[in-house]
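Chains as they are written, first to last, in our numbering: chain A, -14 to 416; chain B, -14 to 416. What follows is a set of notes on a single structure, which appears directly below.
There are 2 protein chains.
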Amino acid sequence: MITKLTSTQSDFQEKLASLLAWDNVSNKEVAQTVDDIIANVRNSGDSALIDYTNKFDGVNASSMKDLTIKLPALKQAFDALNKKQKSALTIAADRIRLYHEKQKQSTWNYTEDDSTMLGQKITPLDHVGLYVPGGKAAYPSSVLMNAIPAKVADVESLIMVVPTPNGISNPLVLAAAYISGITQVFTVGGAQAIAALAYGTKTIPKVDKIVGPGNIYVATAKRAVFGQVGIDMIAGPSEILIICDGKTNPDWIAMDLFSQAEHDEDAQSILLCPDSNFINQVEISIKKLLPTMDRQAIIKIALKERGALIQTQDMNEAITLSNQIAPEHLELSVEDPQILLDNIKHAGAIFMGRHTCESLGDYCAGPNHVLPTSGTARFSSPLGVYDFQKKSSLIMVSRQGANTLGKVAAILADGEGLQAHAQSAKYRISH
Amino acid sequence: MITKLTSTQSDFQEKLASLLAWDNVSNKEVAQTVDDIIANVRNSGDSALIDYTNKFDGVNASSMKDLTIKLPALKQAFDALNKKQKSALTIAADRIRLYHEKQKQSTWNYTEDDSTMLGQKITPLDHVGLYVPGGKAAYPSSVLMNAIPAKVADVESLIMVVPTPNGISNPLVLAAAYISGITQVFTVGGAQAIAALAYGTKTIPKVDKIVGPGNIYVATAKRAVFGQVGIDMIAGPSEILIICDGKTNPDWIAMDLFSQAEHDEDAQSILLCPDSNFINQVEISIKKLLPTMDRQAIIKIALKERGALIQTQDMNEAITLSNQIAPEHLELSVEDPQILLDNIKHAGAIFMGRHTCESLGDYCAGPNHVLPTSGTARFSSPLGVYDFQKKSSLIMVSRQGANTLGKVAAILADGEGLQAHAQSAKYRISH
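Here it is in structure tokens:
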């Protein structure tokens, strides 16, 4: 049902490595298809986009008008929600906005004794494209999490693309687009939508950056247009790592493992705990609760293929293993999570204490749920306002500063054999 | 010699687009070679690395020991510099360090009324790989600019790779590595060095991120390993855009254009100025000064193929065009650059005032010289300390907070059909 390991078994590191293994490298056949789609959309614009959409999404569009959702339709979708949903979506959006406002960076500068000024100017991106998957993985929370940081950064326009397979759109997604302040919506998807956003068509504006999750075609297309536009990280399957001291209700831990596993068959749920007896209790809870779950088929495969209950020697070793894994979601289900925090080096988000289950953070605590997966927390960060702002260095050298800096620059430029660099600096030396 | 355009000519936008055109898309043949090299280094580690290095760099290494430079050799290289060079390198390093210290981010958090704590923990990357090109483009300043921000971020280890074609190493590069605090140096390069850093070999440690410039093989390899490790931007040719009011010494402007053009034949130098008479004077200065330049052959091709002197209607239009171009380096050669600054939206670095030539910033003003090229300043930033720090979200929901947030999360999770997410939240609701 789920792999059980102990950190002291001789083949532990090998077993762990094989559990964690996830090759992000894209399939060659997919890459070729995607390259063709991008080339066609670059060449034929809207008409290629319409053809692909009719073909892949089973719709019957004759013009881009048929693939456009006007803004009033978003408001209508929101207004049509029941009161509870409307309130939940609004509370979540407000909390996400509040948290992300703390991430906003500001222009700074300082002036040296000789009046030379140095600094950094912060500006928002102009145009951002937001990819929202259609079908089963169409999550309104994902719209909030991708769009709100961009709005907080003061991005001018936010273009959402969302495929509507067989013409079916998700009212919660449209409602979320409404309260996030999306500026335009097109019902296109796949590599063709990414190509349209990256290069622009007559109807779809060219954007500066594309964010949002998608299937392998979308991910491969994002990788291909990287450089032409900015992109967020290319996400692998979602994962949770729970460190528990053995004193949380085992049903809670089992359900937290399920909440990751229910995403899809590749999702990963791992528990680290020094208490073998508690691990057995969690296993019993898993067996007991699994039959009650709507998505038990998915959960079962995910737990069997990629899940694990791991007995560690102590809590310190659990932290060491967590740093090795660099999990997307790290739950510290312990009495005093603060004392563990200093030693945690790599994690997308850290859920602290028995009452902080991951799903609170997924929806409404405030921090972003777009997080680095597959160990990429070693070098990357949650999606944030900083992904929608950029920096320009400011350098204003005074007449006096040019004397001192000019001499230094000239020596270094000459050392690199760059005479024009040196001469350009020397011109500014006045004595 | 250099293209002259006026913004009012009917084909101006077309001409400008063709000047700016730069396709970053990688060559298929190169991509295949790079894929093979990466696969071989992943499979055979050091031995593949030694074979490729012997073959491509014309050396005769029999073990990785022959491809390792020990730290004392870096200090020796620094000690052997002349006094002026030692001082210039030290001043530059100190100024770069001082500026970058202002970029360092800190952990923050806030506590809500119900004792729920939210925040963001900042940690440095553990291991960073720094690629330094060998041969003609081996720039010590590039070592400072890539390494110092990583050191300021408190990166634990900084692994430098630098090919030594025919066994020749550059003492200035080694000296720069010394004062930057590089922790290990290997004399390997190309796609094989990138593969070794991304996947690790017996001798070369696996890193978390790879930064630094390189040729098309290096750039293609970086793109291929992106996701396995972090990478910095993939740089196109370097460019300068100068906005001048027509009152700077035209020789200065000509030399500033040269200082970009001398990098390589693809480098781009553009002047925007409303004064046609001044543009003619700059053209005369170019003709006069070009024969005095060591690298006149390169400058001549770069100016002819990709350079331009553009007459604008006024300074406002110059700013508008600059925002459209989103230059890597923007020089505001005017009396009062501050009044233009507010309207500048996209630029890697802004050099303000007649005394601030780009080369001061290239070497020693303090800000980074690794900047977004080819219009990518629309969505990306100079290399900085933030590239070597990462963020983890902190979420510690109180018992009371779990009541309110749990209800919101459960409604949204149910709306997305994620029952385990909902149940996990519901468990935490205590009344």
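Note that beta-carbon positions come from the ideal geometry of N, C-alpha and C, so glycine has one too.
Could you pull out every residue in the same chain whose Cβ sits closer than 6 angstroms to the Cβ of phenylalanine 41 of chain B, ignoring the five residues on either side in sequence? Taking the second sequence and counting its residues from 1, the one referred to as residue 41 of chain B is at position 56. Taken in chain order, the residues that qualify are Gly175.
Mapping the DSSP letters down to three states, classify phenylalanine 63 of chain A as helix, strand or coil. Translated into positions along the first sequence, residue 63 of chain A becomes position 78. DSSP places phenylalanine 63 of chain A in the helix class (H, G or I) of the three-state scheme.
Along chain B, which residues have their Cβ under 9 angstroms away from the Cβ of valine 382 of chain A? As a first step, residue 382 of chain A is located in the first sequence; it is residue number 397 there, counting from the start. Chain B residues near valine 382 of chain A: Phe336, Met337, Gly338, His340, Thr341, Cys342, Leu345, Gly346, Ala350.
Rounded to the nearest angstrom, what separates lysine 411 of chain B and glycine 391 of chain B at their Cα positions? As a first step, residue 411 of chain B must be located in the second sequence, where it is residue number 426. As a first step, residue 391 of chain B must be located in the second sequence, where it is residue number 406. Each residue's alpha carbon lies about 6 angstroms from the other.
What are the complete beta strand (DSSP E) segments, minimum 3 residues, inside the segment 319 to 402 of chain B? Whole beta strand (DSSP E) segments, 3+ residues: 334 to 337, 374 to 381.
Around the Cβ of aspartate 372 of chain B, are there at least 16 other Cβ atoms within 10 angstroms (buried) or fewer (exposed)? Numbered from its first residue, the second sequence carries residue 372 of chain B at position 387. With 16 or more Cβ atoms within 10 Å of its Cβ, aspartate 372 of chain B is classed as buried.
Euclidean distance between Cα positions of isoleucine 167 of chain B and proline 367 of chain B: Taking the second sequence and counting its residues from 1, one reaches residue 167 of chain B at position 182. Taking the second sequence and counting its residues from 1, one reaches residue 367 of chain B at position 382. The straight-line gap from Cα to Cα measures roughly 21 angstroms.
Could you tell me which whole alpha helix (DSSP H) segments of length 4 or greater appear in the segment 162 to 240 of chain A? For the segment 162 to 240 of chain A, whole alpha helix (DSSP H) runs of length 4 or above, ordered along the chain, are 175 to 184, 201 to 210.
Using a C-beta to C-beta distance shorter than 7 angstroms, which residues of chain B count as neighbours of valine 393 of chain A? On the first sequence, position 408 is the one that residue 393 of chain A refers to. What valine 393 of chain A touches in chain B: Ala73, Ile76, Ala77, Tyr348, Cys349.
Is the closest heavy atom of the ligand SAM to the C-beta of serine 127 of chain B under 7 angstroms? The model depicted lacks the ligand SAM and carries no ligand whatsoever.
Check whether the segment 244 to 258 of chain B touches the segment 281 to 293 of chain B, counting contact only when three or more Cβ pairs, one atom from each stretch, lie closer than 8 angstroms. The segment 244 to 258 of chain B makes contact with the segment 281 to 293 of chain B: 3 or more CB pairs, one atom from each, lie closer than 8 angstroms.
Counting only Cβ-Cβ distances shorter than 8 angstroms, please list the residues of the segment 22 to 42 of chain A near chain B, keeping chain order. Cβ contacts with chain B come from no residue of the segment 22 to 42 of chain A.
Could you say which of B:Ala6, B:Ile133, B:Ala204 lies nearest to glycine 369 of chain B if we only look at CA atoms? As a working note, residue 369 of chain B is residue 384 in the second sequence. Closest by C-alpha distance to glycine 369 of chain B, out of B:Ala6, B:Ile133, B:Ala204, is B:Ile133.
Proximal residues of chain A, C-beta to C-beta of isoleucine 167 of chain B below 9 angstroms: Numbered from 1 along the second sequence, position 182 holds the residue referred to as residue 167 of chain B. Simply none; closest approach about 18 angstroms.
Serine 48 of chain A burial status per 10 Å Cβ neighbour count (16 or more: buried): To locate residue 48 of chain A, count along the first sequence from 1; it is residue 63. With fewer than 16 Cβ atoms within 10 Å of its Cβ, serine 48 of chain A is classed as exposed.
When you compare the segment 222 to 241 of chain A with the segment 230 to 249 of chain B, are there three or more beta-carbon pairs, one atom per stretch, that lie closer than 8 angstroms? Under the 8 angstroms Cβ criterion, the segment 222 to 241 of chain A does not count as touching the segment 230 to 249 of chain B, having fewer than three qualifying pairs.
Do the segment 336 to 343 of chain A and the segment 309 to 322 of chain A meet, that is, are 3 or more Cβ pairs less than 8 angstroms apart? Contact holds: three or more Cβ-Cβ distances are below 8 angstroms.
Cβ of serine 100 of chain A less than 8 angstroms from any chain B Cβ? By one-based count along the first sequence, residue 100 of chain A stands at place 115. Chain B, which has no Cβ nearer than 8 angstroms to the Cβ of serine 100 of chain A, makes this no.
What is the residue span of the beta strand (DSSP E) that alanine 293 of chain B lies within? If you number the second sequence from 1, residue 293 of chain B lands on position 308. Boundaries of the beta strand (DSSP E) around alanine 293 of chain B: 293 to 296.
Compare the beta carbon distance of asparagine 25 of chain B and isoleucine 201 of chain B with 8 angstroms and say whether it is the shorter of the two. Reading the second sequence from its first residue, position 40 is the one you call residue 25 of chain B. Reading the second sequence from its first residue, position 216 is the one you call residue 201 of chain B. If you check the CB distance, asparagine 25 of chain B and isoleucine 201 of chain B do not come in under 8 angstroms.
Closest Cβ-Cβ distance between aspartate 139 of chain B and chain A: below 8 angstroms? As a working mapping, residue 139 of chain B is identified with position 154 in the second sequence. Aspartate 139 of chain B does not count as touching chain A.
Is the CB of methionine 130 of chain B under 8 angstroms away from at least one CB in chain A? As a first step, residue 130 of chain B must be located in the second sequence, where it is residue number 145. Chain A, which has no Cβ nearer than 8 angstroms to the Cβ of methionine 130 of chain B, makes this no.
Below 9 angstroms on C-beta distance, what does tryptophan 237 of chain A contact in chain B? Here residue 237 of chain A refers to the residue found at position 252 of the first sequence. Within chain B, the residues near tryptophan 237 of chain A are Ser409, Tyr412, Arg413.
Anyone know if the C-beta pair for leucine 103 of chain B and alanine 78 of chain A falls short of 8 angstroms? Walking along the second sequence from the start, residue 103 of chain B turns up at place 118. Walking along the first sequence from the start, residue 78 of chain A turns up at place 93. Taking 8 angstroms as the cut-off, the Cβ atoms of leucine 103 of chain B and alanine 78 of chain A do not count as close.
Below 8 angstroms on the Cβ atoms is my guess for glutamate 313 of chain A versus leucine 356 of chain A; work out the distance and round it to an integer in Å. On the first sequence, residue 313 of chain A is found 328 positions in, with the first residue counted as 1. On the first sequence, residue 356 of chain A is found 371 positions in, with the first residue counted as 1. The C-beta separation of glutamate 313 of chain A from leucine 356 of chain A comes to about 5 angstroms, placing the pair in contact by the 8 angstroms criterion.
Between the CA atoms of isoleucine 228 of chain A and alanine 73 of chain A - distance to the nearest angstrom: Taking the first residue of the first sequence as position 1, residue 73 of chain A is located at position 88. Taking the first residue of the first sequence as position 1, residue 228 of chain A is located at position 243. When only Cα atoms are considered, alanine 73 of chain A and isoleucine 228 of chain A end up about 29 angstroms apart.
Rounded to whole angstroms, what is the Cα-Cα separation between threonine 108 of chain A and glutamine 90 of chain A? Position 123 of the first sequence, counted from the first residue, corresponds to residue 108 of chain A. Position 105 of the first sequence, counted from the first residue, corresponds to residue 90 of chain A. Cα-Cα distance, rounded: 9 angstroms.
Closer than 8 angstroms, CB to CB, is glutamine 61 of chain B near chain A or not? Numbered from 1 along the second sequence, position 76 holds the residue referred to as residue 61 of chain B. Not one chain A Cβ lies under 8 angstroms of glutamine 61 of chain B.
Please determine if the segment 133 to 146 of chain A and the segment 112 to 119 of chain A are in contact, where contact requires at least 3 C-beta pairs separated by less than 8 angstroms. Flag = yes, the segment 133 to 146 of chain A and the segment 112 to 119 of chain A touch.
Return no unless some Cβ of chain D is closer than 8 angstroms to the Cβ of proline 134 of chain B. Absent from the structure is chain D; the protein chains it does hold are A and B.
How big is the Cα-Cα spacing for cysteine 258 of chain B and asparagine 353 of chain A? Start at 1 with the first residue of the second sequence, and residue 258 of chain B comes out as number 273. Start at 1 with the first residue of the first sequence, and residue 353 of chain A comes out as number 368. Cα to Cα, cysteine 258 of chain B sits roughly 45 angstroms from asparagine 353 of chain A.
Where lysine 433 of chain B sits in the DSSP three-state scheme: Coverage of chain B is limited to positions -14 through 416, which leaves residue 433 of chain B absent and any answer about it impossible.
Candidates A:Arg80, A:Asn265, A:Leu379, A:Lys87: which alpha carbon is nearest serine 165 of chain A's? Within the first sequence, the letter at position 180 stands for residue 165 of chain A. For the residues A:Arg80, A:Asn265, A:Leu379, A:Lys87, the minimum Cα distance to serine 165 of chain A belongs to A:Arg80.
Leucine 274 of chain B, enclosing alpha helix (DSSP H) - first and last residue: Along the second sequence, one-based indexing puts residue 274 of chain B at 289. Residues 261 to 274.
Tell me whether histidine 406 of chain B sits in a helix, a strand or coil according to DSSP, three-state version. Locating residue 406 of chain B in the second sequence gives position 421, counting from the first residue. Histidine 406 of chain B falls in the helix class under three-state DSSP.
At a CB distance below 8 angstroms, what residues from the segment 363 to 374 of chain A approach chain B? Give them in sequence order. The segment 363 to 374 of chain A vs chain B, Cβ under 8 angstroms: Arg363, Phe364, Ser365, Ser366, Pro367, Gly369, Tyr371.
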